[in-house]
Each structure stands twice: as C-alpha cells, then as structure tokens.
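K.L.:
Chains as they are written, first to last, in the working numbering: chain A, 2 to 298; chain B, 83 to 397.
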Amino acid sequence: MSAPATTRPLAPPAARGESPGRRALRRFCRHRLALLGAVVVLGFVLAALLAPWIAPYDPIATSWSRIRKPPSELYWFGTDENGRDVFSRVIWGARASLMAGVVSVAAAVGIGVPFGLLSGLAGGWVDAVISRIADAMLSVPFLILAIALAAFLGPALENAMLAIAISATPIFVRLARGMALEAKATDWVEAARALGNPPWRTALRHVLPNIIPPLLVQGTLAIAEAVIAEASLSFLGLGQQPPAPSWGSMLNAAQRFLTQAPWMSIYPGLAIFAVVLAFNLMGDGLRDALDPRSDRR
Amino acid sequence: MGLWLIRRLGQVVPTLLILSVLIFGLQQLMPGDPALILAGEERGDPQVLAEIRAELLLDRPLWEQYLAWLGRVLMGDFGFSWRIRLPVAQLILDKLPVTLQLGLMAFVIAVAIGVPAGIVSAVWKDRPADWVANGLALAGISTPNFWMGIMMILLFSVHLGWLPPSGYVPLAEDPLQSLATTIMPAFVLGGSIAGVLMRHTRAAMLTALAQDYVRTARAKGLPERLVIAKHALRNALIPVVTLGTIELGRLLAGAVLTEQIFTIPGFGKLIVDAVFNRDYPVVQGVVMATALIFVLLSLLADLLYMAINPRLRAA
C-alpha cells in the first residue's frame, strides 16, 4: 500500500513516516468493536468454508425419529419439522448468506464504479443519462426493487443475488461519481491531464486510488444490507430453494411452529443478526480508520 | 422559490420516465410466456392464446407496447390484476390506508425513540448514556425486521398472551382492537428506523453544539437546559426533519415483510401475494406507486427544508 505521494494528496502527510495503509490498520485495530466485528465475520467465513467438516449432522437428510426436538447436548439448536439438526443447517446456511452478501456487492461495485467514474469524468449528456438512471433506481426502496426483480427473474439463489446486485448498483454509481467530480477539481488531476495522460489513465491511476477508502466503507455496510436482503428474499421463497439450507427460508418454515418449536426461529435469526452486526461494526470502524480528517481516536 | 420549484420538478419528470421504462422492462426478464400463464386451463388452445396476445398487445413491437402501457399509467390505469380481475390502481388504493395507519404509528414510535436518544447521546457524548444509545441504534439497524417481528410474537403473543399474533381490524371498526393488532408491527417498523433517526439527530446535535451561538448562549449564563432546547436543538432539527421525511419512504419497504409476518392486509402484503401468484401487473403497479410516493416525499423534504431554514428562504 505504499503508493507514490502524487496519487494520495487527499491524505495529510503521514505522521512519523507511517504509510497511509499502516496508519489505517493501526487505527482499525485500536477500534476494539470493529476488531470484534472482523473476528466474527472471519468465524462465519470459516464456518461456511468448513461446513462439511464441522457440521455435526447432514443438513438435508430428514429423520422421522427426531422431529422438533428441543435443544439438547445432541442437538445444540434443536431439530426442525423434518428432523434435521438446526445447528448444522445454520452452519451450512452461512454459505448462502455470505455468498449472497459478498458476491452481489462485488458485482454492484464492479458495475457501479466504472459507470460512476465515467459519469463524473465525462460530464455532459453521458453524466445526465447515467445520473438519471441511478436516481430512478434509487427512488424505489432497495428491498422493494430487489423483490420485484427477483419475482420477475424467478425463484433461485442466483437470481436473488442478481436482484440484490442490481438494486445495490446505483449507490456505487453515485459514490464513484461524487469522488470523480471531487478529484476532477484537484490540481493533481489537472496536472495529469495537462501532461497528456489519456482520460482512462487519469481515471485509473489518479482517481480510483482515492475512491478505495470510501468504497471499502460503503462496500462493508452494503454487505450487511445485502445479507438482510438475501434473508428477506429467501424468507419470501424468492431465494435459496428448500431443502438447501438458508437462514431466511429456515425462518419461513419455523414461523408455522412458533408455539411448539420456538428454537427453530430463534437461532437462524440470531445468526443473521450476528453477521449483519459484525459487518456494520467493521464498516463503522473502517470509516473511522480511513477518514484522513479524524486522527483523534 | 418559484424558479427553484420548476427546476426541481424538471428533475422529477425524467426520473419518473426512466423508471417507467425500467419497470416496463421488468416484463422482459420474465421466463416463459405471459399468455400461457393467463390462459391457465385453456393453454392448449391456440385460439385463446392468440386472443390473449392481441388483448395485451403482446403481438406488437416492444416500443408500441411500452407507449400503450405508459399512456394508460399516466391516466392512472395500471392495468388489471391477472389473479383477481380487479384494476391494479383500485387494489393499491384499497390497501394504502392500512399501510398508512401502520406507517404513521411506526413513524411516531421512531421519532419518540430516535430523537430523544440522539439528543441524550450528543449531550452526554462519550459517556455511558451515549454508548448505550449507540449500541441500541446499531442493534436496531442490524436486526432483520421480520425476525424482530417473529420474536415479538413469540414473547407477547405466545408466552405472555397480551396481544393477538396476527390479523388486522380497521380503525373505524374498533379503534382499540385496531391498535392492539397494529402496535407490534408498528413497533417493529418504527424500531428499524429509530436507529437511523438517532444517528442523524446525534450528528446534527453535535454539529449544533459546536457552533459559536451555543458558546455565546452559554457565556451569557443561560442554563444548560435552555441552551440545548432553544439554541442547539432547534437548529439541529432542520436536517433531521428532512432526513426523517425520506425515511418515511423507507417504511414502505419495511412494511413488505412486516405485513407478511403479522398478516396485515396492506400495501406490502399486496406485493408479496402478487409475487407468489405471479400477478405481474400488480407487482409493476406497486413498484411504480412506491417510487411515486418516494419521489413526492423527497420533494416534500426539500420544500420543508426551504420552509424551516430561514437562511434559504430569502434566496
């Protein structure tokens, strides 16, 4: 992360010869809650990756002999209406949630940032068209847009991810456009242009590096929102299809047994809450760590 | 002011037009032939299929379909529900009062929690009260709406038996029972934006408390209570009012799952049922109506901002 000084003039000169990346890392680690968030996220990532080895039972195989058993030493989170172990399904469900969160936000960044940069740097009618489309999409609340898209695409986890990615794209268009406009007014971009750099090079070398900090913050917070969106879509039957485990669809099934088997709805919800909270803590911590104006924390 | 309003409206119109193209375009994502869905039992009969296609203009070029659709939407005609054979506009208008009641109750709850919490946390910044308020706000933002609803049903309906777990009684029919059926969903909805409102209020209060006029007020010996209430708060509320208006629009999105959990026959349940029944005109109509409400709310937010900010009124 030791970029040449010319690309990072937004940050003040690093104190005690520290690189901006290192300083951000130091600030982030001092932020104990953010660190806790990162640890929780890491834990869930490991659980998702190692699910086949750490889940005590098969997440899909049904068993009539152990239907809706309350939590016990054998079944930590109890069993569901088909005799499946809730704990194992929560572990496997982390896959759908994290994948939906990370992949859809990565796609939204991949589509949104180039369009935003183009919009901000090109200006004129290109900017007008892109901005109006982003405005139009932002005028439909995120979840309603995602539900409508998923409904027309058809129920499947991939389609839910696509719907979330499209719904999250305009946020990143706006972010990149704003940063591009800000950068365009600075002397160093002016200088880069005066030296005869082609516009794409200016965008990649001189604008993009400055967008990365706010992008990291916004991206982390967007993952939190995307995880909730995936759970919501799966809850409505528009995401991961049963019997494949996902926290949202587990909650949907659990609602019918709220009186007899409350554990079925408690644990998947707690898992969603923990992951979303962890991403939000990380996002808030990153914001404090990467903001060059706040060196007091 | 007049010129500003015209320019602002000039932004709204192209936004809504582009949105109409996008919403119309949703149809093109659909797998399968809508005529086949509509024909139902008679899907084998080419005669019936041809008639349906002609009626829905499915046999015409896309741009012609769009213009015909847009023309009808502009007249307030969102087409017919495929499922219930009622005009979509009528369905939406029927459900809107229910969601409006829920939304307003939620908003009152959100303001009653979020604004005082924001003030407390700004005034006692970096002290226990601030940590508690911040922690609660973060927890509220991180809890999925629908899970919160399920947990409240578990506590208040299943365990304590205080409130009905689902259903809805109109306000005009039995006000008390109506409140009993809507208080939990309103709390779920309101709680979700109380956290956001708290953060806005806190930030605005911190900015206001750092201003020169607050220092002047303190220097001339005003009691701290008056400094906070009369000098800082009144200025801090300006951005909070406008941001709060926009949050009202987000309540509509929250209502989707909340109404589903509590089986409340409102706007949100309408779109979910439409999704389940593959009733696409209703889905399109609800999305368009939501966007319209959202655009009008942000316009209202701008107007409010002008109205309550004396610095902008002169310009």
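The beta carbon of each residue, even a glycine, is placed where N, CA and C say it ideally should be.
Bear in mind the structure is a predicted one, so any value in this text is a computation, not a measurement.
Which class does D292 (chain A) belong to by DSSP, given the choice of helix, strand or coil?
P.N.:
Coil.
K.L.:
Does the distance from the CB of V166 (chain A) to the CB of A151 (chain A) come in under 7 Å?
P.N.:
Looking at the sequence shown, residue 166 (chain A) is not Val but Ala. Not in contact: A166 (chain A) and A151 (chain A) (Cβ atoms no closer than 7 Å).
K.L.:
So, with DSSP's three-state summary, where would you put D86 (chain A)?
P.N.:
The answer is strand: DSSP assigns D86 (chain A) an E or B state.
K.L.:
According to DSSP, which residues form a beta bridge with T80 (chain A)?
P.N.:
A:D86
K.L.:
If you measure between the beta carbons of V369 (chain B) and I201 (chain B), is that distance less than 7 Å?
P.N.:
No.
K.L.:
Thinking just about the alpha-carbon of each residue, which of B:S380, B:I134 and B:G231 is nearest to the one in I119 (chain B)?
P.N.:
With distances taken between CA atoms, I119 (chain B) lies nearest to B:I134 out of B:S380, B:I134 and B:G231.
K.L.:
Shortest alpha-carbon distance to A290 (chain B) belongs to which of B:K177, B:P246 and B:L315?
P.N.:
B:L315
K.L.:
Does the Cβ-Cβ distance between R297 (chain B) and V309 (chain B) come in under 7 Å?
P.N.:
It is not a contact, given that the beta carbons lie outside the stated cut-off.
K.L.:
Could you tell me which chain B residues have their CB closer than 9 Å to the CB of L278 (chain A), listed as they occur along the chain?
P.N.:
L220, A221, I223, S224 and T225
K.L.:
Please confirm if D136 (chain A) has its CB atom under 7 Å from at least one CB of chain B.
P.N.:
yes
K.L.:
Contact criterion: CB-CB distance below 7 Å. Does I145 (chain A) meet it with respect to chain B?
P.N.:
Yes - at least one Cβ of chain B is within 7 Å of the one on I145 (chain A).
K.L.:
Counting only beta-carbon separations shorter than 7 Å, does L234 (chain A) have a partner in chain B?
P.N.:
By this cut-off, L234 (chain A) is not an interface position.
K.L.:
Round the Cβ separation of F349 (chain B) and L178 (chain B) to the nearest angstrom and send it over; I've been treating them as touching at under 8 Å.
P.N.:
Indeed they touch by this definition, with Cβ atoms about 6 Å apart.
K.L.:
Report the CB separation of P156 (chain A) from Q242 (chain A) in whole angstroms; it is logged as a contact under 8 Å.
P.N.:
Distance from P156 (chain A) to Q242 (chain A) at the Cβ level is roughly 6 Å; contact confirmed, criterion being Cβ atoms closer than 8 Å.
K.L.:
Can you list the residues of chain B that A149 (chain A) reaches, using a CB-CB cut of under 7 Å?
P.N.:
L108, V365 and V369
K.L.:
Go ahead and pull the three-state DSSP assignment for P169 (chain B).
P.N.:
P169 (chain B) carries a strand assignment under DSSP once its states are collapsed to helix, strand and coil.
K.L.:
Roughly how many angstroms separate the alpha carbons of I131 (chain A) and A169 (chain A), rounded to a whole number?
P.N.:
15 Å
K.L.:
Got a sec? Which residues, its chain only, sit under 7 Å from F78 (chain A) by beta carbon, not counting five neighbours each side?
P.N.:
P72, V87, F88, V91, W264 and Y268
K.L.:
Does the distance from the CB of A208 (chain A) to the CB of A186 (chain A) come in under 7 Å?
P.N.:
The sequence shown places Val at residue 208 (chain A), rather than the Ala named in the question. No, they are not a contact pair.
K.L.:
On the premise that V106 (chain A) lies in contact with A223 (chain A), defined as a C-beta separation below 8 Å, what is that separation, rounded to the nearest angstrom?
P.N.:
5 Å
K.L.:
Closer than 7 Å between beta carbons: that is the criterion. Which residues of the segment 308 to 336 of chain B meet it against chain A?
P.N.:
G331, R332, L334 and A335
K.L.:
Between the segment 349 to 361 of chain B and chain A, which residues of the former have CB atoms less than 7 Å from a CB of the latter, in chain order?
P.N.:
Result list: I353, V354 and V357.
K.L.:
My output table needs one value for F162 (chain B): the three-state DSSP class, helix, strand or coil.
P.N.:
strand
K.L.:
F149 (chain A): which of B:H313, B:L352 and B:A204 sits nearest, CA to CA?
P.N.:
According to the sequence as given, residue 149 (chain A) is Ala; it is not Phe. Nearest C-alpha to A149 (chain A): B:L352.
K.L.:
Below 7 Å between beta carbons: does that hold for L139 (chain B) and Q147 (chain B)?
P.N.:
yes
K.L.:
With DSSP collapsed to three states, give me the class of D115 (chain B).
P.N.:
If DSSP states are grouped into helix, strand and coil, D115 (chain B) belongs with coil.
K.L.:
Between A:E183, A:G284 and A:I229, which lies nearest to G270 (chain A) when the distance is taken from Cα to Cα?
P.N.:
A:I229
K.L.:
So A90 (chain B) and L381 (chain B) are supposed to be a Cβ contact under 8 Å. How far apart are they, rounded?
P.N.:
What sits at residue 90 (chain B) in the sequence shown is Arg, not Ala. Contact flag correct, Cβ pair sits at about 7 Å.
K.L.:
Rank B:F376, B:M287, B:N391 and B:D361 by C-alpha distance to the C-alpha of M138 (chain A) and give the top, closest one.
P.N.:
B:F376
K.L.:
Evaluate T372 (chain B) with the Cβ neighbour count: other Cβ atoms within 10 Å of its Cβ, from every protein chain shown; 16 or more gives buried, anything less gives exposed.
P.N.:
buried
K.L.:
Find the nearest neighbour of F189 (chain B) within the set B:L319, B:D361, B:P363 and B:A268, judged by alpha-carbon distance.
P.N.:
B:A268
K.L.:
Contact criterion: CB-CB distance below 7 Å. Does R133 (chain A) meet it with respect to chain B?
P.N.:
Yes, R133 (chain A) lies at the interface with chain B (some Cβ there is under 7 Å from its Cβ).
K.L.:
I need the DSSP call for G243 (chain B), collapsed to helix, strand or coil.
P.N.:
coil
K.L.:
Please identify the residue among B:L330, B:V197, B:E306 and B:V180 whose C-alpha is closest to the C-alpha of A281 (chain B).
P.N.:
Strictly speaking, residue 281 (chain B) in this sequence is Arg, with Ala absent from that position. Of the listed residues, the one whose Cα sits closest to R281 (chain B) is B:V197.
K.L.:
Please state if the CB of R133 (chain A) and the CB of I100 (chain B) are separated by a distance shorter than 7 Å.
P.N.:
yes
K.L.:
Less than 7 Å separating the beta-carbons of G367 (chain B) and V170 (chain B)?
P.N.:
Going by C-beta atoms, G367 (chain B) is nearer than 7 Å to V170 (chain B).
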